[in-house]
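Colleague: Terminal number for the sequence shown in our numbering: 194, no gaps in between.
Structure provided below as structure tokens; questions to follow.
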Amino acid sequence: MSALSPHLPSGHSPIAAVGIGCSAGGLDALRHILPGLPAGLPVPVVVVAHMGPSPDNPVLEAIGRHSGLPVVEAKERGKAVAGFVHVCPPDYHLLVEADHGFALSVDPKVNNSRPSIDVFLCAAAESWGSGLLAVLLTGASGDGAAGMAAVKAAGGLCIVQDPAGAHAPTMPRSAIDAGGADWVAPLDEIAGLIVSLCPPPRLEATS
-12 MSALSPHLPS GHSPIAAVGI GCSAGGLDAL RHILPGLPAG LPVPVVVVAH
38 MGPSPDNPVL EAIGRHSGLP VVEAKERGKA VAGFVHVCPP DYHLLVEADH
88 GFALSVDPKV NNSRPSIDVF LCAAAESWGS GLLAVLLTGA SGDGAAGMAA
138 VKAAGGLCIV QDPAGAHAPT MPRSAIDAGG ADWVAPLDEI AGLIVSLCPP
188 PRLEATS
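Right, here's the structure in full:
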């Protein structure tokens, strides 16, 4: 892990949302992280994973039974709800509006991907500003590097999976090389780091 303390920096805005991006090897990484996020986490978690067109949502199906939080598909004009994992649908870019509602776009691919992690993180950074905690995991392209830089420019915080242990190191390495990482952490430590940076879980949901 990087030298920064695994706690919210002094004076930083409370974390209001967690955005996670991944590509090749990402489903296994998500199945590793999501069980470590406790029920009652008082922020929404939004997942954007590279996937091709499909009548179903393979990410939703793959991670739903592994998550300690309810997992739902992000819908047009739906809101990002605390305590839920929202998964981007296949073949759409996922945007976040000023009121933290979702918008789905069929604009052309970015970085050869739709959904694009860059598109999502740039929009999420505009919506949540310094309240966004962005997490970039394994992947075989450079998608996400510009988005992580946008999160940092907006005052948000960024966790990048250690490329040394990633199934596909190109994506996390690209973000690190672009200066888009506050913490570089092995997969086993990312869930705990997310929890330590977010506000404490709601007691009524953990009792």
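Just so it is clear, CB atoms sit at the ideal spot from N, CA and C, and this is done for glycine as well.
Which whole-angstrom value is the C-beta distance of A121 and V83, which I expect to be below 8 Å?
Modeller: Actually they are not in contact, since the Cβ atoms of A121 and V83 sit about 12 Å apart, beyond 8 Å.
Colleague: Under the rule that 16 or more other beta-carbon atoms within 10 Å means buried, what is H80, buried or exposed?
Modeller: Buried, because 16 or more other Cβ atoms sit within 10 Å of the Cβ of H80.
Colleague: Should the region 155 to 165 be called in touch with the region 3 to 18, which here means at least 3 C-beta pairs below 8 Å?
Modeller: Output reads yes: the region 3 to 18 touches the region 155 to 165.
Colleague: What does a CB cutoff of less than 7 Å around G(-2) pick up in its chain, not counting 5 residues either side in sequence?
Modeller: Hits under 7 Å: none found.
Colleague: Mind checking which residues open and close the alpha helix (DSSP H) that includes G179?
Modeller: From DSSP, the alpha helix (DSSP H) with G179 extends over L174 to L184.
Colleague: How many Å lie between N99 and I181 at the Cα?
Modeller: Approximately 29 Å between the Cα atoms of the pair.
Colleague: Report all residues from its chain with a CB closer than 7 Å to the CB of G90; omit the five preceding and five following residues, and keep chain order.
Modeller: Looking at the sequence shown, residue 90 is not Gly but Ala. Cβ within range, chain order: E63, L82 and E84.
Colleague: Cutting at 7 Å between CB atoms, please list the residues of its own chain near P173, excluding the five before and the five after it.
Modeller: These residues qualify, in order along the chain: D149 and G152.
Colleague: My understanding is that S54 touches L21, with C-beta atoms under 8 Å, so please give their C-beta distance in whole angstroms.
Modeller: Between L21 and S54 the Cβ distance is about 4 Å, and since that is below 8 Å, they are a contact.
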